[in-house]
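Engineer: In the numbering used here, the protein residues as written are 1213 to 1727.
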Ligand code: ADP
Ligand code: MN
């Protein structure tokens, strides 16, 4: 907002140091500005107008645009909206419960039943499972969904002798078509055709079907847009409420802003509060909000589904709970690492899908990722050996494989490397654990070899150094094959003995695959 900023734009100011352009004495000498006066005028005008607007909107001018957005003071207006939304959600849920009761009453024990599903206000996925009465064993089978009206059985006819009715019968066919409308997307309002014994001709049904499909596609596009917009605002109302409660309880002082918006999570910076429930809140915190939109998580199933620690629970969970499990997993893994003395964020608290941890960085500025920092060769070498060490510790003492280790998930802070982002980390005996480890090794090797660390082991050597295994294959393909063979051996062992090999334990000895 400094008027001198214009000078910085002048090309003839040369590529001098950045501070020069900020120097107030520099301004008069650079009158020969390449852009026209009109440009400058309009730019200034635009700035003025913007300022005016901002002043009108925020009379007390919060100095920085990235000033606190959730504090004790300014939350009220937004929380009114939020509370209203929560109330509405509560109302919708009650409404749906009433619908279900009515549905039950009408259907009774009758084999032919009707469904009010299309009138429900809350889509099954939208309902929060924290207060859930129901867990979906399998989300494809919604227990609320009434049995489909039965028309003709498979063999294609009903009745006997003269009273036989085939599946081509117009009335039966019409009813069947009406019933099949149930299969359209839930947001497609088909009305209560069954209740009024509506009979749809094939022609009409087909036209409707076509329409329903295009509607479905349209609504999917709309939904996508909606998801994007919530990503921009970072959090949904429920998460906002959770965060608000953390501030309100005094655990956090202020939440200052967003550090990162990833596919699976949003990370905020916050200043720690002074109210403590038996624990010390770090002066600066990072809040990782695991996104409750499900799309991105689907392809991560394999990390958690095969993790025996979560195996029993996985099949019983609905998607929302699975996302909470990611947060929980990150917490557990961070705690293990903390106990082993690996530099990593310290867990402060986990609430549903929101994980609060200590902030790596200072004064709201997060420590740079290893990929963004330029280290001198000495530091580079130091970082390499530190990571080698950490990978071994992680494997042997924490019984973990990071599984997403790369220069993107390592921060450089205080002259050392910090590991973050461990929600996907698994135990080495995970069915794909060794493959994940090999991938981690490849990332690390490549990064440091490119970075000029002559001592850096290649990915195969690194793998052996970390795991203590002694795979001798001298090329990538064979190496990978041996890894997979080991994994399979372990899986077979699990199949036969019903438990994991205990040999990936913490004593640091090379695991032995046959007991
Ligand atoms: P994602 O799964 O979205 O990659 P990460 O845990 O890697 O989630 O966090 C995303 C980014 O947020 C990181 O790259 C880092 O810049 C920042 N970040 C995450 N946790 C912290 C922390 N404890 N301290 C500082 N910055 C953090
Ligand atoms: Mn990350």
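Positions of the beta carbon are idealized from the N, C-alpha and C atoms, including for glycine.
Whole angstroms is fine: what's the gap from residue 1555's alpha carbon to residue 1629's?
Structural biologist: Each residue's Cα considered, the two are about 7 Å apart.
Engineer: Strictly by DSSP, which residues pair up with residue 1622?
Structural biologist: According to DSSP, which records beta bridges pairwise, residue 1622 is partnered with 1631.
Engineer: Where does residue 1480 fall in DSSP's three states?
Structural biologist: The answer is strand: DSSP assigns residue 1480 an E or B state.
Engineer: CA-CA distance, residue 1167 and residue 1450?
Structural biologist: Look at the range of the chain in this structure, 1213 to 1727, and you will see that residue 1167 is not part of it.
Engineer: Quick check: the region 1527-1544 against the region 1629-1646, are at least 3 beta-carbon pairs closer than 8 Å?
Structural biologist: In short, these stretches touch, since the Cβ pair count reaches three.
Engineer: Could you pull the DSSP bridge partners for residue 1496 from this structure?
Structural biologist: For residue 1496, which the question treats as bridged, DSSP gives the partners 1483.
Engineer: According to the Cβ coordinates, are residue 1678 and residue 1596 closer than 7 Å?
Structural biologist: No, they are not a contact pair.
Engineer: Look at the alpha carbon of residue 1669 and the alpha carbon of residue 1676, and state the distance between them as a whole number of angstroms.
Structural biologist: Rounded to whole angstroms, residue 1669 to residue 1676 spans 10 Å at the Cα level.
Engineer: Return yes when the C-beta of residue 1498 is under 6 Å from any heavy atom of the ligand ADP, and no when it is not.
Structural biologist: Within the cutoff, so yes.
Engineer: Are the Cβ atoms of residue 1731 and residue 1648 separated by less than 7 Å?
Structural biologist: Outside the displayed span of the chain (1213 to 1727) sits residue 1731, for which this structure offers no information.
Engineer: Once DSSP output is grouped into helix, strand and coil, what is the label at residue 1657?
Structural biologist: It is helical.
Engineer: Assuming residue 1608 and residue 1565 are in contact, meaning their beta carbons sit under 8 Å apart, how far apart are those beta carbons, in whole angstroms?
Structural biologist: In fact, because the Cβ distance is near 31 Å, the residues do not count as touching under 8 Å.
Engineer: Can you pull every residue whose C-beta falls closer than 7 Å to some heavy atom of the ligand MN, listed in chain order?
Structural biologist: Spelled out in chain order, the answer is 1474, 1616, 1620, 1621, 1632, 1633.
Engineer: With a CB to CB cut of under 7 Å and the five nearest residues on each side skipped, what residues in its chain are close to residue 1493?
Structural biologist: Contacts found: 1463, 1484, 1485, 1560.
Engineer: On the DSSP bridge assignment, give the partners of residue 1502 in chain order.
Structural biologist: Paired residue(s): 1477.
Engineer: Does the distance between the C-beta of residue 1675 and the nearest non-hydrogen atom of the ligand ADP fall short of 6 Å?
Structural biologist: Not under cutoff, so the answer is no.
Engineer: Look at the alpha carbon of residue 1710 and the alpha carbon of residue 1695, and state the distance between them as a whole number of angstroms.
Structural biologist: Taking the straight line joining both Cα atoms gives about 21 Å.
Engineer: Flag residue 1571 as yes when its Cβ comes closer than 6 Å to any non-hydrogen atom of the ligand ADP, and as no otherwise.
Structural biologist: Result yes, Cβ under 6 Å from the ligand ADP.
Engineer: From the DSSP secondary-structure annotation, give me the bridge partner or partners of residue 1464.
Structural biologist: Answer by DSSP bridge pairing, in chain order: 1484.
Engineer: Over the uninterrupted beta strand (DSSP E) stretch that includes residue 1561, give me the two end residues.
Structural biologist: Residues 1559-1563.
Engineer: Among 1623, 1577, 1601, which residue has its Cα nearest to the Cα of residue 1587?
Structural biologist: Out of 1623, 1577, 1601, 1623 has the C-alpha closest to the C-alpha of residue 1587.
Engineer: Return the CA-CA distance between residue 1458 and residue 1553, expressed in angstroms with no decimal places.
Structural biologist: One C-alpha to the other measures close to 28 Å.
Engineer: Determine, using beta carbons only, whether residue 1383 and residue 1411 come nearer to each other than 7 Å.
Structural biologist: Closer than 7 Å, so yes.
Engineer: Identify every residue that forms a DSSP beta bridge with residue 1470.
Structural biologist: In the DSSP output, where bridge partners are listed per residue, residue 1470 has 1480.
Engineer: May I have the straight-line CA-CA distance separating residue 1579 from residue 1572, to the nearest angstrom?
Structural biologist: Computed Cα separation, rounded: 6 Å.
Engineer: In the DSSP assignment, find the unbroken beta strand (DSSP E) run with residue 1638 in it and report its ends.
Structural biologist: Neither: residue 1638 is in no beta strand (DSSP E) and is coded neither H nor E.
Engineer: Would you kindly work out how many angstroms separate the C-alpha atoms of residue 1482 and residue 1682, rounded to a whole number?
Structural biologist: Between residue 1482 and residue 1682, the C-alpha separation is close to 45 Å.
Engineer: Report yes if the C-beta distance between residue 1645 and residue 1638 is below 7 Å; otherwise report no.
Structural biologist: Their beta carbons are under 7 Å apart, which means residue 1645 touches residue 1638 by this criterion.
Engineer: Report buried or exposed for residue 1602, applying the criterion of at least 16 other Cβ atoms within 10 angstroms of its Cβ.
Structural biologist: Classification for residue 1602: buried.
Engineer: Quick check on residue 1574: does DSSP put it in helix, strand or coil?
Structural biologist: Looking at residue 1574 - three-state DSSP - the assignment turns out to be strand.
Engineer: In chain order, what residues of the same chain have a beta carbon less than 6 Å from the beta carbon of residue 1279, not counting five sequence neighbours either side?
Structural biologist: Legend: pLDDT at residue 1279 = 39, less than 50; position of this residue unreliable, no value from coordinates given.
Engineer: Suppose contacts are defined by Cβ-Cβ distances below 7 Å. Is residue 1575 in contact with residue 1617 by that definition?
Structural biologist: Not closer than 7 Å, so no.
Engineer: Relative to the ligand ADP, is the shortest distance from any of its heavy atoms to the C-beta of residue 1493 smaller than 6 Å?
Structural biologist: Outside the cutoff, so no.
Engineer: Answer with buried or exposed for residue 1672, where buried requires no fewer than 16 other C-beta atoms within 10 angstroms of its C-beta.
Structural biologist: Residue 1672 comes out buried.
Engineer: Are there any heavy atoms of the ligand ADP lying less than 6 Å away from the beta-carbon of residue 1578, as far as the coordinates show?
Structural biologist: Within the cutoff, so yes.
Engineer: Between which residues of its own chain and residue 1707 is the CB-CB distance below 6 Å, once the five residues before and five after are set aside?
Structural biologist: Result list for residue 1707: empty, nothing under 6 Å.
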